[in-house]
Ligand SMILES: Cc1ncc(COP(=O)(O)O)c(C=O)c1O
Ligand SMILES: Cc1ncc(COP(=O)(O)O)c(C=O)c1O
């Protein structure tokens, strides 16, 4: 089973993360960590016309959390914010091809989605509290 | 067994306590209570030439604690302080004729002795700290 | 609503201790009437803890290994169950503490030190348990706030007129009341108390140590702001308390116990605290206890709290009538059954409760005697102590008969 | 001193969980190497609690009935045993808490708020557990005091020169150190630390969560002022912590948790607190837990702490040598066995500890990964996390071999 988890693609994203780094002048930037293990993710976003114009992440943590973050940035780059809103836990797990993780490791896989949704809440917080609320997602909290 | 505990003499001291009341102008007066049940005893003493010249108690509580206090005042009245110092847990239990009480009820029987010893500690506290220390008695604490 | 009566005989089979022999030479079968102090535990609760210790004992939240995941799941599922049991909106509003007492202290230290100011009034009642008095006294000493006690009338009811007067006249900042008195059995008109407080923008803390075990409690219905109770008084293990706090309030509360598990990031000079409710659970929790409590909740839920209440009403009615036949007895608390729980405090002639308990004990009957951690109420009743019999789901009429007979024996021994 | 080695095979029979199958499809026998987080429990401990719940479950201290007296006796005897186990002068110096964390918080709130003043320095070390950091941060925020961290050198030793400098230059009011690091395994030179502190009239708090379970601890010999540990890390139940405080200091400490049982008399506006140590135990305690802990103390005492220590030294030596054969491994902490306990933290190449733990888990091996509640130390080591294997009396060389093999498998899976 570990052989299933740590497939070539996960290790590749872990060792060669896409979209890693910072943005100059991001519209929103946010940090969170997994209290259970200390994994950290920072997300930096540039938003234009309700789309994610640019996205970068910084972070440190396990192969699952970092590969998941890397794959997530690829997934949402240039996509409308409404897509982020609808992204579910299951979407992420399918995207990274890890559908049978235990409860502790699922949190690693979902940390980047949690941070992305938090960044949307923050982005809308002042402009549009109602939309901010839409990004609250109990299913990715832990 | 309850019939053994609540003998005539215990009930008599409970209902007609000896030396109950206050002293005018006592040399030492002290209050303590049993945290387990709320029984209370106040002791008032007059000391002359290292003897207990006069002793009175106030209190409320169970038959055992009040009878024991009443019998204790009779026992030490007009006796030298050295006798109080040497009074043990066992002396009291024998005096009141209750040598097979359970641990919770033993505390009732010993509350008055505890208060009497505390009053001696207080009496000597300033005059003669060494003697005060002699009255500390771990066996009656609870 | 389940209407059928509870099958006490079957229930008794679930409690190993009820076979215990006590008294002189172990000659008596235990009659346990000290349920307000702590209840007995069914096999399912004991077994749930054995199961944990024997097959998946591990520390929770931070472990990746299988035992840790199993233990974490069992622990967190209990939180969900508790939320459901008292109808909280979310499991995030449930904090596990050591006992009800610590739960009250948590709020006094965290919410209290932040919100209670000099000259503020904290409203309690004369029938509070020490655990719902001393934390507020400690707080008031620090903050120079005031505690005001609502009176209890001669029938054992709360004086609601006192309450109206205090709300009107004083700068009330918190009302903290027990939903059911552990001495008088009085059930307070909680809904009314809370509505009136909220009209004055005052939050209400409910000491539910005696109510959650015996009544259907619904925090959304009463709209209380804080609620505390103990697992050990409702078939659960010792060492587990529960604090419910409304999320809006909880979010603003500073941490209390600092340490492992309640943090997100610790740096040398500062710390980012963890999300709710973990922020309030510092250090390794009583994992086995919480898991045992889970089984207790299942057990009570299967019976149904309405049936628990009905059984207690029935036993209490029977006991009140048996006791009223005894000469020189004084029974405290409301006469109307609907306003009281299964707790009967009383005194007989000049027999001190302690002496009575000793005599009862020889009959194999466990009752409580003393001030019941309610000395303010004892002062109000002008007694040093009372005797107390308190019932739960496994108590029977036969036990009440034995109890009443033993009271007659006490009269004989005291030559009354 | 018992010199014979410990009979691990026999000991293993005493622990039901060691027969547990885990891993994919339950195909592996559990190898439990997460003892620094919590240890497993022998039958005697589990049975002691069952016995309590099944035959003398009752609330303690205030009951006159037989169950209450039996429970009180068992609870208080444990206090005596704890005092003996750490060689305290008196059982009055022993307070039961919820865990080590609460014990530290108790002192921070009670002693700390009374004694720590603005600009005072509290001395910790870079290897402290969050439980020995956060309470002092909370206190320091309130009091505007300062926390100063003694450094850890590259071998994992405390920099004693830092300590000398700080004692000389700063207004130190408290030193609080863990006797053994839960990450590096480093055993601190406690006697020296305490002697130097006392020469400067500074009291010392010892976080003994990792030492009392593994080493002979003698509070009179080290002359520490406060000491805290947890039952669950030494074969005992969850939900029980122990705080030792020297009587002279304890006598002057204001109460922390207010409520039932910690009082002597409660009046409306004031309270007379109970005698020591009860003054610090508010509310219904974890009675079953304390009684279970009693059995754990007996079990360890029968083995002898010198033999516990010797076994751990032997296993640790064996494990360090097995690990040092693995390529790209970094092992943290002192090389000299005499200076360390049975805790090994390490990292292998770029395999993140979390991923390693997942792979181990499939081999049936429970290790811990993460920051181990020691983020300040992680910063010092400049790592996000480490993997940690920690041993106890039931671990064997064969288990270490399985562990080392699994590490090789992890390298394969990560294609290193
Ligand atoms: C050194 C140290 N201190 C304190 C603690 C906290 O112990 P507990 O979680 O039982 O309160 C631990 C355990 O994780 C520890 O290892
Ligand atoms: C009304 C009330 N409040 C609080 C408590 C305290 O509960 P615990 O001792 O479990 O903290 C009790 C129990 O004695 C109680 O009856």
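Chains as they are written, first to last, in this note's numbering: chain A, 4 to 145; chain B, 4 to 145; chain C, 209 to 624; chain D, 209 to 624.
For each residue, glycine too, the CB sits at the ideal point set by N, CA and C.
Could you tell me whether any non-hydrogen atom of ligand 2 is closer than 6 Å to the CB of residue i?
i             : result
residue 415/C : yes
residue 313/D : no
residue 572/D : no
residue 280/C : no
residue 339/C : yes
residue 438/C : yes
residue 626/D : Residue 626/D lies beyond the range of chain D shown here (209 to 624); nothing can be said about it.
residue 308/C : yes
residue 386/C : yes
Below 6 Å, is the gap between the Cβ of residue i and the nearest heavy atom of ligand 1?
i             : result
residue 329/C : no
residue 497/C : no
residue 569/C : no
residue 593/D : no
residue 418/D : yes
residue 468/C : yes
residue 71/B  : no
residue 390/D : yes
Please check the pair residue i and residue j, which I expect to be a contact at CB under 8 Å, by giving their CB distance rounded to whole angstroms.
i             : j             : result
residue 498/C : residue 357/C : Their Cβ separation, rounded to whole angstroms, is 34 Å, which puts residue 498/C and residue 357/C out of contact at 8 Å.
residue 237/C : residue 229/C : 6 Å
residue 266/C : residue 242/D : 7 Å
residue 384/D : residue 330/D : 7 Å
residue 494/D : residue 444/D : With 8 Å as the limit, residue 494/D and residue 444/D do not qualify as a contact, their Cβ atoms being about 11 Å apart.
residue 17/A  : residue 69/A  : 5 Å
residue 567/C : residue 621/C : 6 Å
residue 485/D : residue 277/D : The pair is not a contact, with the Cβ atoms about 20 Å apart (cut-off 8 Å).
residue 391/D : residue 401/D : In fact, because the Cβ distance is near 19 Å, the residues do not count as touching under 8 Å.
Could you tell me which residues DSSP puts in a beta bridge with residue i?
i             : result
residue 356/C : 331/C
residue 568/C : In the DSSP output, where bridge partners are listed per residue, residue 568/C has none listed.
residue 46/B  : 33/B and 60/B
residue 598/C : 242/C and 551/C
Classify residue i as helix, strand or coil using the three-state DSSP reduction.
i             : result
residue 61/B  : strand
residue 373/D : helix
residue 510/C : helix
residue 603/D : coil
residue 499/D : helix
residue 452/D : strand
residue 265/C : coil
residue 551/D : strand
residue 388/D : strand
residue 464/D : coil
residue 425/D : coil
residue 118/B : helix
residue 397/D : coil
residue 130/B : coil
residue 323/C : helix
residue 23/A  : strand
residue 281/C : helix
residue 415/D : strand
Fill in: Residues of the stretch 52-66 of chain B whose Cβ lies closer than 8 Å to any Cβ of chain F, in chain order
Of the chains in the structure shown, none is chain F; the protein chains are A, B, C and D.
Discussion item. Please list, in chain order, the residues of the stretch 261-288 of chain C that have any C-beta partner in chain A closer than 8 Å.
Written reply: 269, 270, 271, 272, 274, 276, 277, 280 and 281
Discussion item. Can you pull out the residues from the stretch 609-624 of chain C whose beta carbon lies closer than 7 Å to at least one beta carbon of chain B?
Written reply: 621, 622 and 623
Item to complete: Check distances from the C-beta atoms of the stretch 90-115 of chain B to those of chain C and list, in chain order, the residues that come in under 7 Å.
Response: 108 and 111
Practice prompt. Using a Cβ-Cβ cut-off of less than 7 Å, list which residues of the stretch 213-226 of chain C approach chain D; keep chain order.
Written response: 224 and 225
Fill in: Members of the stretch 23-42 of chain B that neighbour chain C once the beta carbon cut-off is set at 8 Å
39, 40, 41 and 42
Fill in: Within 7 Å of chain A by C-beta, residues of the stretch 451-479 of chain C in sequence order
471, 472 and 473
Discussion item. Counting only Cβ-Cβ distances shorter than 8 Å, please list the residues of the stretch 487-520 of chain C near chain D, keeping chain order.
Written reply: 490, 491, 492, 493, 494, 495, 496 and 497
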